[in-house]
Structures are given as C-alpha cells and as structure tokens.
Amino acid sequence: MRLSRRAVSRRTVLQAAGASAAAGLLLPRHAALATAQASPEPVQGGTLTYGNAKPAENIINPLNTIGTGQNVLIEALFLRLVYGRQWGDGVNPQAEGDLEMAVAESMTEIETDRVWEFKLRENVLWHDGTPVTADDVIFGIWLSLNKNAGGSNETPVVGIKGAERLQTEGAEVGDISVEGATKLGDYALRIELDRPIANYWKSWYVGYWPMPQHIFGEMPFDQLFAEPYATMPVGNGPFKAVKYVDGQYMEMAANEDFYLGRPHVDTFIVRFGDGDTLSAALEAQEIDGTTASAGAVYDRLTSLPYIAGNPVPSTHPQGLVANAGRMPDHAAALNKAMMHAIDIKTINEQLFSGTLRPSNNLFEHVPGYETPPDGFMTYDYDPQKAMAVLQAAGWDSNTELEWLIIGTPGTMHDAMQAMLAAAGIKTRYAPADPATAIQNIYQDSNFDILASNFGPYEFFEYDWKYFKCGWTYDTGGFNYAQYCHEDVDALFEKGLAETDPDAAKATFDEAILLLNQTPPQATLYRGSTTYVWNTRVQGAYPYQYRLPVRPAFERVWIQPQ
Amino acid sequence: MSPLPRSPGSPMNYVIRRLLLVLPMLLGITIITYTLVNFAPGDPITAMIDPEEMNVRSADEIEALREKMGLNDPLPVRYALWLREAVQGNLGYSYHDEKPVLGMILDKLPASLMLTATSMLLASLIGCALGVFSALRQYSIFDHLLTVLAFFGVSVPGFFFALIGMYIFSVRLGWLPVFGMWTPGEPTGFNLDLLRHAILPVLTLTLPQIAGYMRYARAATLEALGADHVTTARAKGLREQVVLRRHVLRNALLPLVTIFGLSLPAIIGGSFIIETIFSWPGIGLLGYTAIMQRDYPLQLGIALIAATAVLLANLGTDIAYGLVDPRIRYE
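As they're listed, the protein sequences go chains A and B. Using the working numbering, the first residue of the first sequence is number 89, and each one after it goes up by one. Using the working numbering, the first residue of the second sequence is number 497, and each one after it goes up by one.
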C-alpha cells in the first residue's frame, strides 16, 4: 500500500519554496563538509548546543515542571537519588538493566518492594560547594509532597509513607519531616512506602530529587520558585547554571566538582525555539542537536552528511481506543478489529521513517514483562479478520464513529481512517483544540474513538489507572474510555498485594491474557523520540525523553572540525 | 511653541474630542476581547496540563486552582473585577508565570518596537520611493516589473518570506542566524550581534508592507500628475524637477500619512507570526504563548496595549494629516 502525504507542514513549504528559489543559483554550503571521523579519545572542551522548546515557565526546578522545556535543563543541572537503569556504554541508554546509583552510593532492600536503606556519596556537592546530605534528600521529599510548597511535579514522590498527610494537610516552613523518610546519619537514610510497589525505582516518574536545605530550608514558600534561584538554580548535576536569557537560551558550564569527573564539554547551551525553526538551525549548524518529527523532516535531515538520526524508543503503548462508556457492547470488539484493520507496518515504513515498534502488548515497557505470557494473541494486519470480529459482535457497519482528534488531523490519521473504512469501520473526524484535551478526554469522554496511550509507567499501580473499573477523572484515575472488566481488576488487586515476586508475576500474566482477549485499547505500536544530531557530537547522545536513565551529559564531547 | 488655540474647530479641541472617543472604544474592545478570550475552548488550567501526564494534578487540585484563579465566577463578575483593576493600571497577574502582566509586556516591548518601528520606517521609505519611481515611468518595463513584484508582495503572506529568507540566507548561505536575538555566550544588549539577528525578522515584516506603500504611492502620484494645478504649473514653464517636487510629490505623499498610521495593526498582527518563527522574544511571541496557554490576563493585557497603540496611531495620523494638509479642518 502506498500512502500519500497530504499534510503540508511549514517545513515542507520551506523546503519546496527554498529549493525553487535557490535552484541553480546557490551551491550547497555544506556540500564540501565531510562527516568528521571521530577520534578514538574524547576531546576536552567545546560547546554543546541543544535546541528545545522554551520552558513552559521560567522556573528550573525539579519540583515545578511542565514538559521537556524544563526537564532538559533540570536533567543537566540536578541529580536524583537513583535512576531506573544505567546508561551503559553506548551512545544511547540501554533498554534494560540495573538501577544507577547517583546521589546514593548504594541501597539495600530491607523489605521487598517497600523498604530500602540508602548510603549516600560523600563527594556529591551542591554547585555552591556544600555537600549533599541525607537532610537534603528528606527535605526534597518533604518539599515535593508538601501541599503548602505549591510545587507541580511531573516526577512526584509517590507511595511513600506519610505522603497523604503532607499532600492534604501540608506543613509549615521549618517543620521538615516525612514519616517514610528516616535519617540514619549525615549520609544515610531509610525510605519506607505505604505498601509494596514492584519496579518502584525503575520509573522515570518517581523522582527523589534532593533539594539544598541550606538555601531553601527557611525560605517562605512563596519565594521557593522565584528569583534568584528560579532560573539560576543551585543544583548538584554535571553542569552549573551560568546565564538564563528569557525565551532565548540557558548557558551552563561544566561542573568541575561533579562526582563522576568534569564533563568533557566546557559549555552546554540549550536554545529555545519552535520545532521547525530548530530543524533549520540544525541544518545551518547553529545547534548540535534537537528532535524532529519522524517522517519527511527527519528523513530530510538525516539525509544530510553531517546529521545523524537517533530514534530512542519511548515507553508509551500507543494506538486507538473505543469508548466503552458509549459502546459498552462493542468497544472490546472494536479495539480488536482496529488492531486487525490498521496496517501499522506500512504506516511505520512510509510515514514514520521506520521508527515505530509495532506491538499489541500493553506492558512491554514494564520490567519483567517485556515478553508477553504464553497464549498471548497478536493482532496482525488482516482486514478480513477485522470484519469477522465486528460481524461476530453484531456491529452495524453503517455506524459512523466520531474520532476525537486533539489538534489537526494529519497524514497518519488519513491513512488509519482509510484502513478502518476498508475494514468496515466508518469514522468522521472531530478535531478539538489542544487546550480542551482534558475536558474532552478525561472529564467528558467526548469521543467514540481516540488516539490513546495507556500507561507509560514502569509499575502496574499507575498503569492500572487507565482501565480500572470506575476509576475515571472524578475519582483520580485516567479511565477515560470507561473500560471495565471486574476479573482483571480482581487480578490486579491481588497482584499488587502479593509480596512473593513469582506469585505476583503469575497473577499479572493472567491479567495480561485477559486484557489481551478483551483489550481496553487497540495497542498498535510504541513510538520513538526522533533525535537528530550533528555528527560532531560524540561519546553519548545526552538528553533522552522521559526514560528512566540519567542522561550521560558528562560523556558528551565535541569532535573538532 | 505656543499652545494650540482651544476655539471651536481648533486642533486642541479636536484632539480632546478624539481622546474622549478613544475611551468608550477601548471599553468596547475590552468587552469584546474579554468575551472572545473566555469563550475560546479550554481554560488556563487544562492548557497547563500535558494530557499524557495527568498524574501531575488531580481533579481536586485542578478544581481548587480554578477556584483560586476565579474561573468559577460568572463572566461579567470576572470582567468587572478585571476592569476595576485595569483602570488603576493593574493588568493583573499572568496565570502561568504569576508575574505582573504589565511588567511582562514592558519587558518585551523594546524587542517588538525594534522590529515594528524599523520595518515601518523602511517600508514607508522604500515603498514610497519605488511607487513614485514607478508612476513617473508609467508603463515602462520598471513599472511593469515593480507592479508584478508589488502584487507578489501583497499576495504572499509574511511567514512565507520568513521561511524563504531563513532557508536561503541562514540554512544555505549561512550569512544570517536562523533564530534568536543574540548568539548564546555573546554579550546581550544593543550591539552588532543583535542587529545581525534582526535583519531577517525586519525584512520579512517589511517586504509585504513595501508592496502596499508602493501601490498607494504609485496611484497617488499618477493622480497628482494628472491634476489641473500640475498642468498649470507646467504651462507656466516651471522646470519638471520643480513641478514634481512642489506640486506632485507634496500632494501625492499626503495619503501615505494615513497608510503609515493604519499599517500598525497589520504589523502587530504580523509580529505574532514572525516573532514565533524567529524566536524573537517580543510582544508577538508573548501573545502567541499567552493564547496557546489560555493565559487570559496576559492576552487581555496585550490586546489592550495593542488596541491603545492602534487607536492612538489613528489619532496621530489624523492630526498629522491636518498639519501637513492645510485644506483639512478639525471639526
């Protein structure tokens, strides 16, 4: 099947128009630039310039984050207690592996998946030279949870004992105490959860960020996220803040005292800009790296001799979901039929530069569950099967489904719509402004079908929120498709309470098979974050979107031109 | 300079009357803007949340924030509260950054003024010169060429020029920076680096306007050339240079004063797109961000400042028109 590209991006216009205007007139400036061969040893010095979206707020603090604009800076400036897995030796983080100790030097599991003791490194310093201690770790947890502190954190401390009290009642300045975090010494502490959570430390979304108590300890809460520390934070990561120019860039310098050694590059600059503008800046070699949309832009950039593509798998299981609230008798059949109806491999090859990873497995990203249990059924592309599934479910093929699209329909939507139609699933687009996503999806469930991703978390506790019976927006869950399968819920409840890892796995495997037979969404693929880098960037590609790894900023070096 | 007389029909009375008219107009603009902004789908709270990361805020927290921001109050109540503060010079606080709106706007104003003022000046000078030149050589190859270019300039949106300019001069030739206001690591402030970064944004704001000025200047010059007094001047035996300078250009350029004033809204509108493309941290980029984030106070603040600027520019144009053309009476 050949898919046509109807959607025209600004970038496409730019390319076509620019090519016409410049054809025969301008010699390609970069034609003579050959890709530099990497020297075997890292070179010290130079500047790494990365292009990214502007921070949503001029606050660079792990306890107050919205989106990648802030996160990329935070990852360079701050260090967590531990990270979900180690980077490994390659240019990209490894897909699985052990935890990486960061501020912590070692950890001992006292009670399975619930209680741990940490010994901290004594050579991790704040950028002002003060050592990072157990007090700072506990203070960070306290600030993150404390209702009065007013943080808004994408990587919150979840499940720790005493969290609920701090989150609902709050605590005053100076009253620093968290029931589940106990100081055992200046460089030692114990963390205790309310109940066992498997894979707890593996998740990017669980963030234990020490905070400098000597700076913020007595500070009124309304000044926590204000200047001078809002944009010039005192962190503990591989780079120190040097200069922040609102809406333009942040300049950071190598931290000479970083516990793993001084980073190779002298300066790390993050420039802020619009996605297409950043692609042009990469092409003009004004920046060294950014992300580009998979497809035309990515293909064009990676066709240049001095740009390397770097698709990094993301954890989100993506696909389409049928609204069980509106169609209780047909939603599961529709989800199955959609998986059969959509030729995701062709879409991947022709529209996504081959960067998608087709999969029907909802839990491929959960450590220990990467491979589905025996008996797991895959839903290969087969429109005839899709029609048979629908027929068996008594689906009226004249029904037209309302497909809620947040934003503007793109080429992928067109391709999917045509494939669904070919299998007897009629749809019509219902585009909605992105600012209405919460209301349309979570509050009102205002759709028949919708592009969805059910749970990017590394532990089941949170992933369950997408399909647990009745766990809708009003009750703190994300089950916007109003799926309900009481047997699945019973198995999840049992699995989460289980303390024996083998027994827990057996229980969850059973649940996975049930979910496979009555799928809560049509899981089609996992995407990738498509990074593009100038080939002079060597050593490791530093920033990886929401992966449970510490980006290895200190390993990056710049090949001299 | 002595003050303008305040007799009926005097410029001072005219100015006062016009200024008094500006107030209800501004009030009307704020009502319309406030209503439209609030009727836009979504709200500031939901716009703050990444739909894929709902764990950041619970439903209760979202509701509490909505209450705290006063978003649950009826629209007229919210408008009245906003207006009460606005008339005292307090445009409120940004929902997103929690900073005073006026301060945020004033911070960004110099960057936008630099673009808009430069492009208005350049466009009027170049456009008028080319328009007059075109009229004086009516139906010549230059006239035809400039006419085609003018129609091209008027028809093609500014962002297209921006993309073409970026592609040719930045990506292909590497002569100009792609985006930003300063090179990171270099000194900020008014310097050569800033000017270099300003070239593309200024040009892309200027080009479409040049076309407009050119067409107006050409038409006005042609009209003046055919006027009776010009024929008379020529019949008197005045040199062509003198006829053109004294009798043609003076009259031909009068309507352009109006065009100059009226071009401000277009430039403000254009700056929203151009500043976003070039990551130029001015009012346009601030406004675009405010719209995307549903930051009502910031949107309203920008709309109010822009509307005031446009109304005052119109007033200034009318006054200037009267000053340069003695036939105009202030009534």
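For every residue, glycine included, the Cβ atom is placed at its ideal position computed from N, Cα and C. Since this is a predicted model, take the numbers as computed values, not measurements.
Please look up how many angstroms separate the CB atoms of residue i and residue j, rounded, as I've assumed it's under 8 Å.
i	j	result
Leu-611(B)	Ala-694(B)	7 Å
Phe-166(A)	Gly-349(A)	Going by Cβ atoms, the distance from Phe-166(A) to Gly-349(A) rounds to 18 Å, so no, they are not a contact pair.
Leu-281(A)	Lys-249(A)	6 Å
Ala-802(B)	Ile-764(B)	5 Å
Ala-138(A)	Tyr-631(A)	Checking the sequence, you will find Tyr at residue 138(A) rather than Ala. Yes, they are in contact, since the Cβ atoms of Tyr-138(A) and Tyr-631(A) sit about 7 Å apart, within 8 Å.
Gly-247(A)	Tyr-288(A)	7 Å
Leu-672(B)	Leu-696(B)	5 Å
Ser-447(A)	Asp-387(A)	At roughly 23 Å, the Cβ-Cβ gap does not stay under 8 Å, so Ser-447(A) and Asp-387(A) are not in contact.
Ile-154(A)	Ser-240(A)	7 Å
Leu-169(A)	Val-203(A)	The Cβ separation is near 15 Å, so there is no contact.
Gln-132(A)	Ile-148(A)	Contact doesn't hold; Cβ gap of about 26 Å is too wide.
Ala-380(A)	Ser-367(A)	5 Å
Pro-455(A)	Glu-184(A)	6 Å
Met-338(A)	Leu-161(A)	6 Å
By the DSSP assignment, the alpha helix (DSSP H) with residue i in it spans what residues?
i	result
His-302(A)	301-304
Thr-390(A)	384-390
Gly-780(B)	779-788
Asn-423(A)	419-429
Lys-582(A)	574-585
Thr-434(A)	432-439
Arg-711(B)	688-721
Phe-648(B)	637-651
Phe-548(A)	548-551
Phe-327(A)	Counting along the chain, Phe-327(A) falls outside any alpha helix (DSSP H), though it belongs to the beta strand (DSSP E) covering 327-333.
Leu-339(A)	Correcting the residue identity first, residue 339(A) is Glu in this sequence and not Leu. Run containing Glu-339(A): none in the alpha helix (DSSP H); it sits in the beta strand (DSSP E), 337-342.
Pro-751(B)	750-773
Ser-615(B)	597-632
Within 10 angstroms of the Cβ of residue i, are there 16 or more other Cβ atoms? Answer buried if so, exposed if not.
i	result
Ala-120(A)	Because the pLDDT at Ala-120(A) is just 31, under 50, the model does not fix this residue reliably, and the point stays unresolved.
Ala-640(A)	buried
Tyr-635(B)	exposed
Asp-536(A)	buried
Asp-254(A)	The sequence as given places Leu at residue 254(A); Asp does not occur at that position. Buried, by the Cβ-count rule.
Met-507(A)	buried
Leu-113(A)	Interpretation of Leu-113(A) is limited by its pLDDT of 36, a score under 50 that renders its predicted location unreliable; the figure taken from the coordinates is listed afterwards. Exposed: under 16 other Cβ atoms inside 10 Å.
Ala-122(A)	Its pLDDT being 33, under 50, Ala-122(A) is placed unreliably by the model, and the measurement read from it follows with that caveat. Under this definition Ala-122(A) is an exposed residue.
Val-625(A)	buried
Met-427(A)	buried
Phe-647(B)	exposed
Met-677(B)	buried
Leu-115(A)	Low confidence applies here, because Leu-115(A) scores a pLDDT of 33, under 50, leaving its location unreliable and the question unanswered by this model.
Lys-564(B)	exposed
Gly-323(A)	buried
Could you spell out where the beta strand (DSSP E) holding residue i opens and where it closes?
i	result
Glu-193(A)	192-199
Pro-401(A)	395-410
Lys-593(A)	From DSSP, Lys-593(A) is part of no beta strand (DSSP E) but of the alpha helix (DSSP H) over 589-605.
Tyr-619(A)	610-622
Gly-139(A)	135-140
Glu-280(A)	276-280
Arg-359(A)	355-360
Phe-206(A)	203-208
### Message
So if I threshold CB-CB distances at 9 Å, which residues from the segment 142-154 of chain A count as touching chain B?
### Response
Lys-142, Ala-144, Glu-145, Asn-146, Ile-147, Thr-153 and Ile-154
### Task
Can you give me, in chain order, the residues of the segment 339-362 of chain A that have a beta carbon less than 8 Å from any beta carbon in chain B?
Glu-339, Thr-355, Ile-357, Arg-359, Phe-360, Gly-361 and Asp-362
### Query
Closer than 9 Å, Cβ to any Cβ of chain A: which residues of the segment 698-732 of chain B, in chain order?
none
### Given 8 Å, three or more beta-carbon pairs between the segment 346-360 of chain A and the segment 636-654 of chain B
no
### Task
Evaluate the contact criterion for the segment 662-677 of chain B versus the segment 368-386 of chain A: three or more CB pairs, one atom per stretch, below 8 Å.
yes
### Query
What residues in the segment 507-528 of chain A bring their beta carbon closer than 8 Å to a beta carbon of chain B?
Ala-520, Asp-521, Pro-522, Ala-523, Thr-524, Ala-525, Ile-526 and Gln-527
#### Entry: Within 8 Å of chain A by C-beta, residues of the segment 605-621 of chain B in sequence order
none
### Task
State whether the segment 536-545 of chain A contacts the segment 574-589 of chain A, with contact taken as three or more CB pairs (one from each stretch) at a distance under 8 Å.
no
### Query
Taking any Cβ of chain B, which residues in the segment 323-338 of chain A have a Cβ under 7 Å from it, in chain order?
Val-333, Asp-334, Gly-335, Gln-336 and Tyr-337
### Task
May I ask you to list, following chain order, the residues of the segment 367-389 of chain A that have a beta carbon less than 7 Å from some beta carbon of chain B?
Ala-368, Ala-369, Glu-371, Ala-372 and Glu-374
### Message
Which residues of the segment 651-670 of chain B have a Cβ closer than 8 Å to any Cβ of chain A? Give them in chain order.
### Response
Phe-655, Phe-656, Leu-659, Ile-660, Met-662, Tyr-663, Ile-664, Ser-666, Val-667, Arg-668, Leu-669 and Gly-670
### Message
Using a Cβ distance threshold of 8 Å, determine whether the segment 207-220 of chain A contacts the segment 267-279 of chain A, with at least three qualifying pairs required.
### Response
yes
### Query
What residues in the segment 675-689 of chain B bring their beta carbon closer than 8 Å to a beta carbon of chain A?
Phe-675, Gly-676, Met-677, Trp-678, Pro-680, Gly-681 and Thr-684
### Query
Between the segment 605-625 of chain A and the segment 302-314 of chain A, do at least 3 Cβ pairs fall closer than 8 Å?
no
### Message
Quick check: the segment 608-618 of chain A against the segment 587-595 of chain A, are at least 3 beta-carbon pairs closer than 8 Å?
### Response
no
### Task
State whether the segment 785-793 of chain B contacts the segment 584-595 of chain B, with contact taken as three or more CB pairs (one from each stretch) at a distance under 8 Å.
yes
### Message
Under 8 Å: do the segment 738-754 of chain B and the segment 811-823 of chain B share three or more Cβ pairs, one atom per stretch?
### Response
yes
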